[in-house]
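Below is one structure, written out as structure tokens; comments come after it.
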Amino acid sequence: MKRNRHTLSYLLTPDYLFDRYDQITPEFLKDLGIRGLLIDIDNTLAPYEQSEPDERIHAWFDSLRVHGIRAALISNNHPPRVERFNATLGLPAYPDSGKPGSRALLAAMKEMEVTPAETAGLGDQLLTDTLAAHRLDLISMIVPPIKDKTTLFFRFKRLLEKPFLRRYRRRKRKEDQGGSGK
Ligand SMILES: [Mg+2]
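Numbering-wise (our numbering), the sequence shown opens with residue 6 and increments by one.
Below, the structure written as structure tokens:
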């Protein structure tokens, strides 16, 4: 599917929206040719206050591993948070990642030995996670934040995301109806 990669709407509109991270199955990823996943932690896998992964998270990463899908944690949170969360997962992990900057994503792809064409980013925020992924032409997968913050700043960010989520849903409807999806 060809799109103008320089438009704001390309940069901020996710390619896939899921209700939860573990709706993303290894089979689905394989069908897309994805071998590597760059995954946000906060509000994507767990709420801020959950310091360690639960069984569900472990089970999901196990299923990815079994199917040869590589994964890395890319978080804008600080090293202690990321290291504690990753202690039992043992994934390549990039705290203070500076998303939507590209640095950590590029380093993670190098570490995982995957190319942009076979990599997807997964997160909960269009302005950081989708933007970071699309700047590098990665597929962007989004889940709604597990527990949304209600500060004015976060509400403002959600407001900014709205037109791009609408755009995603419009495109998805067209695709479901067998349209070109553009
Ligand atoms: Mg997040």
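All C-beta atoms in this analysis are idealised placements derived from N, C-alpha and C, irrespective of residue type, glycine included.
Counting along the chain, Ala109 sits inside the alpha helix (DSSP H) bounded by residues 108 to 117. Distances from the CB of Thr156 to the heavy atoms of ligand 1 are all 7 Å or more. By the neighbour-count criterion, in which a residue is buried when 16 or more other Cβ atoms sit within 10 angstroms of its Cβ, Gln182 is exposed.
With respect to the C-alpha of Pro121, the residue from Leu42, Asp134, Pro97, Phe158 having the closest C-alpha is Leu42. Just so you know, the alpha carbons of His72 and Lys162 end up roughly 36 Å apart. Contact annotation: Trp65 and Asp20 have beta-carbon atoms that are not nearer than 8 Å. In the three-state reduction of the DSSP assignment, Asp142 falls in the coil class, being assigned neither a helical nor a strand state.
In this structure, the straight-line span from the alpha carbon of Gly103 to that of Ala109 is close to 7 Å.
DSSP lists no beta-bridge partner residue for Arg86.
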